[in-house]
Amino acid sequence: MQIRYPRKRSTIRNGSMNLNLLAEPSTLTRSAAQNKSALKKVFQTIHGNSCPLTYNFHLHSTFSDGQLKPEEIMTQAVNIGLQGLAITDHHSIGGYQVAQQWLDRWQSQNQSQNHLSDRDEANPAPQPHLWTGVEITSNLMGTEVHILGYAFDPGHPSMSPYLQRQAPKGLDYQASQVIAAIQAAGGLAVLAHPVRYRRSPVDLIRAGANLGIDGVETYYAYGNPDPWQPSPAQTQQVKELAAEYHLLTTCGTDTHGNNLLLRL
Ligand SMILES: [Zn+2]
Ligand SMILES: [Zn+2]
Numbered sequence: 428m429q430i431r432y433p434r435k436r437s438t439i440r441n442g443s444m445n446l447n448l449l450a451e452p453s454t455l456t457r458s459a460a461q462n463k464s465a466l467k468k469v470f471q472t473i474h475g476n477s478c479p480l481t482y483n484f485h486l487h488s489t490f491s492d493g494q495l496k497p498e499e500i501m502t503q504a505v506n507i508g509l510q511g512l513a514i515t516d517h518h519s520i521g522g523y524q525v526a527q528q529w530l531d532r533w534q535s536q537n538q539s540q541n542h543l544s545d546r547d548e549a550n551p552a553p554q555p556h557l558w559t560g561v562e563i564t565s566n567l568m569g570t571e572v573h574i575l576g577y578a579f580d581p582g583h584p585s586m587s588p589y590l591q592r593q594a595p596k597g598l599d600y601q602a603s604q605v606i607a608a609i610q611a612a613g614g615l616a617v618l619a620h621p622v623r624y625r626r627s628p629v630d631l632i633r634a635g636a637n638l639g640i641d642g643v644e645t646y647y648a649y650g651n652p653d654p655w656q657p658s659p660a661q662t663q664q665v666k667e668l669a670a671e672y673h674l675l676t677t678c679g680t681d682t683h684g685n686n687l688l689l690r691l
């Protein structure tokens, strides 16, 4: 006689666990890191209070001139409850890569913990969306500026001059080239802290827009206030320029110290 076991919840759960194993987390999260359209959607919703508690798109790790290890950045991101972030080291992708490995591990541990604790699978632990990021020194109208790159493929040949842990030289140093390289690698190019340069943001944002730049870092704390908050006058000016040239607006703390909620 054949014994019939009742169909238990655990059977269903095992089924869905197998599905999770099939869709290997690292592959999923890696393609998430290059999901440009998801990032564009987020940038379209960014406002004055998005950073630093919900998003943060300007962070430095020990892979450039920051004090935090990528693992420490990710731990703080989870503790803050960030929905999305990018590590934007100067001319380096190493910090992102370590953070991605951390996130892959954290995600698979979280999945098994959710399973063991019989947690509702429709309501898993919140997980920050990590995008690829970099900050590149370049020349725009004879002025040295910083251009942020997001959601690009770090392995794309166009990015190679910009991930060598030193500022690019010659033609590679030109903003037109930097913007084109980021976009060829499937990413978005953003003019960082546009009010921090020798030339006015009016000139620089117009020049960036003429070169096809995607966005401008609109919400930025000039002068390192504590608590971090976007500088009101500069933000207003940059917001208007972004609207005039139909550019995406982003925010970030430009953290170099040991606290993601501050710049220094
Ligand atoms: Zn910068
Ligand atoms: Zn920076």
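Counted from 1, the sequence shown has number 567 at position 140 by our numbering; the numbering is strictly sequential. For each residue, glycine too, the CB sits at the ideal point set by N, CA and C.
By the neighbour-count criterion, in which 16 or more other beta carbons inside 10 Å mark a residue as buried, residue 493 falls on the buried side. Taking all protein chains in view, the Cβ of residue 625 is surrounded by fewer than 16 other Cβ atoms within 10 Å, so the residue is classified as exposed. The closest heavy atom of ligand 1 lies 7 Å or more from the beta carbon of residue 683. In this structure, residue 617 sits near residue 642, with a CB-CB distance shorter than 8 Å. Shown here, residue 494 sits in coil according to DSSP, grouped into three states, outside any helix or strand. When C-alpha distances from residue 633 are compared across 502, 530, 458, 568, the shortest belongs to 568.
Closest option to residue 604, judged by alpha-carbon separation, among 690, 681, 635: 635.
Here residue 614 is buried, its C-beta having at least 16 other C-beta atoms within 10 Å.
A contact between stretches requires three or more CB pairs, one per stretch, nearer than 8 Å, and the stretch 458-468 meets this requirement with the stretch 556-567.
Residue pairing by DSSP puts residue 601 in a beta bridge opposite 566. For residue 662, the enclosing alpha helix (DSSP H) starts and ends at 659-671.
Between residue 565 and residue 574 a beta carbon distance of about 5 Å is seen, short of the 8 Å cut, so the two are scored as contacting. In terms of side-chain proximity, the C-beta atom of residue 562 is found nearer than 7 Å to a non-hydrogen atom of ligand 1. Taking a contact as a CB-CB distance under 8 Å, the pair residue 578 and residue 495 does not count as one, their CB atoms being some 22 Å apart. The DSSP assignment places 602-611 as complete runs of the alpha helix (DSSP H) inside the stretch 581-635, in order along the chain (cut-off: 4 residues). DSSP places residue 539 in the helix class (H, G or I) of the three-state scheme. Its chain contains no residue whose beta carbon lies nearer than 6 Å to that of residue 528 once the 5 sequence neighbours on both sides are disregarded.
Under the three-state reduction of DSSP output, residue 522 falls in the helix class. With distances taken between CA atoms, residue 651 lies nearest to 681 out of 589, 667, 637, 681. Note that the C-beta distance between residue 487 and residue 516 is below 8 Å. Nearest C-alpha to residue 619 among 631, 480, 498: 631.
If you check the CB distance, residue 691 and residue 683 come in under 8 Å. For residue 606, the CB contacts under 7 Å within the same chain, skipping 5 residues up- and downstream, are 574, 616, 638, 639, 640 in chain order. When DSSP states are grouped into helix, strand and coil, residue 558 belongs to the strand group.
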